[in-house]
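Numbering (this note's numbering), first residue to last: 136 to 834. In this text, a Cβ means the ideal position worked out from N, Cα and C, and glycines have one as well.
Printed below as a string of structure tokens:
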């Protein structure tokens, strides 16, 4: 039997991170497991290296695009080596054989009359390497929050619309094609809304594969149309038909949900046009957050997988698969990460190995006698009733292969590992209940022999199960017990004697107390370097009405509409400067994430920003206003804010003291953040206007 599994090829404008490691570790475990079962496996991963963004990034560091790609590709390879990723091929879209395959597939689609020349006019995101229609933009930006630019150019188009019904038929005939099942409806509904033909060539940059059948030689293949064909070139589509026919169709293609559309809509449509069989299953997994927050370098919570290898690669691999149901969004919790190390690996598995080796050393001088299952069963029947019953129960508990294999193949890693750890727990319980130390005291030598043989055989079985996941731990267990990893999962003692080797702890425990101290210092250090402005959540708020505070002469009560953040009331100490009629109907700027507080009995949820200029005898006040919908985010110019976050509070609540650390100034009619010397603008790039003043302090 064969098994062909792929990850996405990772874009070289990004470096390896915990998200890409998550995908690749899952694929590696499946590849190792299926190899262990005796299947002929090919595991493909690699890098996506063409496109305008790569060309621009290379130029910034004075490198050619190829030099830039070579460096980043090596970073990915190095990271996968350290994470014990055992791929069969690391494919790069700059590989000659891949470029040939990409050209051949494009020719096939062209010859099938599914490509035509036309003019493209629309929005394009260089960061996402994706075209967007007007209705797909959010607040003038790509759904990812990145800038778009208007592009008009001659381009070749793929007749994606032609394949709408065929795609729906595919989803219906192969219910597993889009997995897990709860992802299917999303794509089915989108396809039912109608498909638009896809622009698949570019002429405004050079870094890409030349578009075949183009008489002008000006066009290159659109990066996604190029990249998707790696799954064919990775198994020698052009150069080795026997190999390709053996391994295609792919058994499993694992991707993140951000690239689902390309893989479950565009990719199968390309294959249909090229008359190539569909992959069997495309599995879409979710995103990871860090301690409950979206990961970003600006927040200082970005997880580099190499930074958490101090306690070995096994805990990284184990935690990602045990903690997070694969397919769903999940959270990388640092405390849970180290707790899994201490409890599951060091306590449950590590202590089992330590206790067993210690008992074999103490009661059998590091050796187990030659033993076979038939003799074992005879001797077991001669043991006292308690030992016989406990041993038989444990042997029965070892029969987990069918359930474990089913859950692994379904990518329910967390369930499979729970099944295995339940068995490990029963082995530990067996030690406690058989009490070998008392057997020794009572000179029950036959019972000691049975218990030790049972423990070592049980560990052998466990080691086969963990070998695709806990690479370092499995290798250590092999050395301790002189095991060989194989696909024998049945309890069946068969050896010519085993000599046990002494070893250090299988897994070293993590000091959580020391960790918490370091995390606190790390957080304080990061916050000291962070621009305090980054903590502010500034929004446009529309003043619906103004009333006098019932118990404070200098305060107004402003009733506000803050869009998706809802209706709010804030107290504002501006009564002596501005009349209600000057305020009502205005769009003002507020700090929306200031912790709510009662001022003289009235709740104030946020703070209004004004410009203040004081002289010896008087103070002037200017009102900050902006055009835009209530709830619109305010940002620093050139700052990137994820447009998906505009519908909710995307920053934590702050105290007033946090606001006082920010220096905002009115300067020549603009609002400036002093630390960066950048202007404040709305996310839609509208100016913040100061009514009545041009300069002053924003407070």
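Q | Nearest neighbour of residue 508, chosen from 585, 266, 488 [CA to CA] | A | 585
Q.
Below 8 Å on the Cβ atoms is my contact criterion, and I expect residue 137 with residue 381 to pass it. Report the Cβ-Cβ distance as a whole number of Å.
A. 6 Å
Q) Does the beta-carbon distance from residue 183 to residue 157 come in below 8 Å? A) no
Q | Three-state secondary structure assigned by DSSP to residue 715 | A | helix
Q: Can you say whether residue 256 is buried or exposed, counting buried as having 16 or more other CB atoms within 10 angstroms of its CB?
A: exposed
Q) Can you name, in chain order, every residue of its own chain whose Cβ lies under 6 Å from the Cβ of residue 261, other than the five neighbours on each side? A) 187, 188
**Q.** Closest Cα partner of residue 489 within the set 515, 464, 639
**A.** 639
(Q) By the three-class DSSP mapping on this structure, what secondary structure does residue 181 have? (A) strand
Q) Between residue 688 and residue 710, what straight-line distance do the alpha-carbon atoms span, to the nearest angstrom? A) 8 Å
**Q.** Rounded distance between the beta-carbons of residue 603 and residue 168, thought under 8 Å
**A.** 4 Å
Q. Should the stretch 566-586 be regarded as contacting the stretch 491-503, the criterion being three or more beta carbon pairs within less than 8 Å?
A. yes
**Q.** Ordered list of alpha helix (DSSP H) runs contained in the stretch 314-378, each at least 4 residues
**A.** 319-327, 358-362, 365-368
Q: Let me know the secondary structure DSSP gives residue 420 once reduced to three states.
A: strand
Q) Going by alpha carbons, who is nearest to residue 409 out of 371, 367, 396? A) 367
Q: Have a look at the DSSP bridge pairing and note the partners of residue 506.
A: 630
Q. Helix, strand or coil: which one does DSSP assign to residue 150?
A. coil
Q: State yes or no: is the C-beta of residue 600 nearer than 7 Å to some heavy atom of the ligand COA?
A: With respect to small molecules bound, the structure shown includes none, and the ligand COA cannot be examined in it.
Q. Is the distance from the Cβ of residue 836 to the Cβ of residue 140 below 8 Å?
A. Not covered by the structure: residue 836. The range shown for the chain is 136 to 834.
(Q) Do residue 766 and residue 674 count as a contact pair if the criterion is CB distance below 8 Å? (A) yes
Q) Is it a yes or a no for the stretch 225-244 touching the stretch 163-177, going by three-plus beta-carbon pairs under 8 Å? A) no
Q) Cα separation between residue 629 and residue 425? A) 47 Å
Q) Unbroken beta strand (DSSP E) runs of length 3 or more, entirely within the stretch 468-504: which are they? A) none
Q: Name the two residues that bound the continuous alpha helix (DSSP H) containing residue 532.
A: 520-532
Q: Compute the distance between the beta-carbons of residue 592 and residue 616, then report whether it is under 8 Å.
A: no
Q) What do you reckon, are the CB atoms on residue 523 and residue 515 nearer than 8 Å? A) yes
Q) What residue range is occupied by the uninterrupted alpha helix (DSSP H) comprising residue 238? A) 231-246
Q: Could you please give me the residues that DSSP links to residue 706 through a beta bridge?
A: 692
Q: Give the DSSP bridge partners of residue 745, in chain order.
A: 758
Q. In or out: residue 440 buried (at least 16 other Cβ within 10 Å) or exposed?
A. buried
Q. With a CB to CB cut of under 7 Å and the five nearest residues on each side skipped, what residues in its chain are close to residue 829?
A. 801, 803, 804
Q: Could you have a look at residue 645 and say whether DSSP puts it in helix, strand or coil?
A: coil
Q: Indicate whether residue 622 and residue 651 have their beta-carbon atoms separated by less than 8 Å.
A: no
Q | Contact check, residue 418 vs residue 499, beta carbons under 8 Å | A | no
Q: Note down the Cα distance separating residue 449 from residue 608, rounded to an integer number of angstroms.
A: 7 Å
(Q) Could you check whether the stretch 676-696 touches the stretch 784-798, counting it as contact only if at least three pairs of C-beta atoms, one from each stretch, sit closer than 8 Å? (A) no
Q: With a threshold of 16 other CB atoms inside 10 Å of the CB of residue 200, please say whether the residue is buried or exposed.
A: buried
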